[in-house]
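What follows is a set of notes on a single structure, which appears directly below.
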Amino acid sequence: MAVLPPTVHPIQPPSGSQIDFGAQIEGIDLENISDEQFTTIRNALYNHHVVVFKNQQKISPKAQYELTKRFDPAADNYGHGKTIDAKRSILHPDLKTVPHQPQVQIIGNGFVESYEGLENFQLRHPHHRTFHKDRIPDDKDYDYTRFYRWHIDAALYDLNPPQVTTLLAVRVPKGRRQTLLYDDGSGETMDVPLGTTAFVSGERMYELLSPAEQEFVRTIPHTPAPQDSAYTPKASNSQQPPSPPIEANKIKTFPMLWKNPVTGKLSLQIHPSAIRKIHLADGSVIDDLERVREIVYKLQRPGISPQYVYAHDWEEGDLVLFNNRGVLHSVVGAFKPEEVRLFRQCNLAASEPPVGP
Ligand SMILES: [Fe+2]
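First residue of the sequence shown: 1292, per the working numbering; consecutive thereafter.
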């Protein structure tokens, strides 16, 4: 029987949306990917940034890891390092490691009896109240939500940001929607599916800047906080564990714009809660954190308005690959304890740093 070539369909933006990224791929067996098929997947990822494969319930953790690694064959460790430091990392309560495939993590919400060799474990969906000064009152928690925090999947300390993240939806509670409230006084809102993952394009974020701002981000490097971003102190998190000692040679400095390896387009890629310093062209450094955050907020805010946000409506079996060097993303939503959600996530600390303009 002749094998039909795979198809790549751009996602149709919902009415009112101006998103120009996202695609669905059909016709590839992800347990047996030929070189030609992988080229199709890679080109789709770097042209569309978020690619969706439907009905992948059966993909093994090994195949998920191998697909992730194929984007960067020299990479091998999870994006936050070989093992998560269980006592100290704030990521710890949010994820469990697949015992037979340690680069693949289990994330989600609620109590799970058995999965991939793990028994009787509790998952906790990160809640936006951890990162927001003004809380949504508890009695409105299931109706209203916020972006948890916009980010790149990356340690940003010692390790290079992963090229790609793969996310498989194993169990998805359905049926509710929530109203997402922007918390910056803009009054903007979005209607979102429960537990959506929200994506924005770094290329669009760059295009929306004024010519002067574009010149600024083209020429100015920045330094994330000198620790794994999993340890970065956050404004309202009073249970922050002590950070490990900082080693100066592990501190990273990145360009603000990262070049797409396939299209050459430039993407504004700054981890907004991890950025610590901005290095100006005259050699001076802005390290007043309030000022740094003010600058980054002004650069990034236009690109996260509702019309530029892709809120993926998860169905069980969805495998989503995203270009971690071309989008920012955020967890969204608040689940009830009995709403069990189970996802598998994989990304690998990259073998090379991002390339600037
Ligand atoms: Fe993430």
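The C-beta atom is built at its ideal place from N, Cα and C for all residues, glycine as well.
Exercise. To which residues of the same chain is ASN1551 closer than 7 angstroms at the C-beta, ignoring the five residues directly before and after it?
Worked result: Position 260 of the sequence shown, counted from the first residue, corresponds to residue 1551. These residues qualify, in order along the chain: TYR1337, SER1558 and GLY1617.
Problem set entry | Reference GLY1399, options THR1488, GLN1560, HIS1562 and HIS1371, closest by Cα | Counted from its first residue, the sequence shown places residue 1399 at position 108. Here the closest residue by C-alpha is THR1488.
Problem set entry | Delimiting residues of the beta strand (DSSP E) encompassing THR1457 | For the purposes of this step, residue 1457 is taken as residue 166 along the sequence shown, with counting starting at 1. Counting along the chain, the beta strand (DSSP E) containing THR1457 begins and ends at 1455 to 1462.
Exercise. Is ASP1609 near ligand 1, in the sense that its beta carbon is under 6 angstroms from a heavy atom of that ligand?
Worked result: For the purposes of this step, residue 1609 is taken as residue 318 along the sequence shown, with counting starting at 1. False, no ligand heavy atom lies under 6 angstroms from that Cβ.
Exercise. According to DSSP, which residues form a beta bridge with TYR1337?
Worked result: Numbered from its first residue, the sequence shown carries residue 1337 at position 46. Answer is none; TYR1337 lacks a bridge partner.
Exercise. Given that a residue counts as buried once 16 or more other Cβ atoms are within 10 Å of its Cβ, and exposed if not, what is GLU1494?
Worked result: As a first step, residue 1494 must be located in the sequence shown, where it is residue number 203. That one is buried.
Problem set entry | PRO1484 to GLY1408 span [Cα, whole Å] | Locating residue 1484 in the sequence shown gives position 193, counting from the first residue. Locating residue 1408 in the sequence shown gives position 117, counting from the first residue. Near 30 angstroms, if we compare the C-alpha coordinates of GLY1408 and PRO1484.
Exercise. Helix, strand or coil: how does DSSP classify SER1308 here?
Worked result: Within the sequence shown, numbered from 1, the residue matching residue 1308 stands at position 17. Residue state, collapsed to three classes: coil.
Problem set entry | Inter-residue Cα distance where the pair is ILE1302 and GLN1315 | Numbered from its first residue, the sequence shown carries residue 1302 at position 11. Numbered from its first residue, the sequence shown carries residue 1315 at position 24. A straight line joining the alpha-carbon of ILE1302 with that of GLN1315 spans about 7 angstroms.
For this session: Go ahead and pull the three-state DSSP assignment for ASN1638.
Result: Start at 1 with the first residue of the sequence shown, and residue 1638 comes out as number 347. Correct three-state label for ASN1638: strand.
Exercise. With LYS1543 and PRO1515 assumed to form a contact (beta carbons below 8 angstroms), what rounded beta-carbon distance in angstroms separates them?
Worked result: Looking up residue 1543 in the sequence shown gives position 252. Looking up residue 1515 in the sequence shown gives position 224. So it is a contact: roughly 6 angstroms between Cβ atoms.
For this session: Would you grab the beta carbon distance between VAL1341 and PHE1312 for me? Rounded to a whole angstrom, and I think it's under 8 angstroms.
Result: The residue labelled residue 1341 in the question sits at position 50 within the sequence shown. The residue labelled residue 1312 in the question sits at position 21 within the sequence shown. The pair is a contact, with the Cβ atoms about 6 angstroms apart (cut-off 8 angstroms).
Problem set entry | Contact check, VAL1463 vs TRP1605, beta carbons under 7 angstroms | As a working mapping, residue 1463 is identified with position 172 in the sequence shown. As a working mapping, residue 1605 is identified with position 314 in the sequence shown. For VAL1463 and TRP1605, yes; Cβs fall inside 7 angstroms.
Exercise. For ALA1489, does the three-state DSSP call read helix, strand or coil?
Worked result: Within the sequence shown, numbered from 1, the residue matching residue 1489 stands at position 198. If DSSP states are grouped into helix, strand and coil, ALA1489 belongs with the strands.
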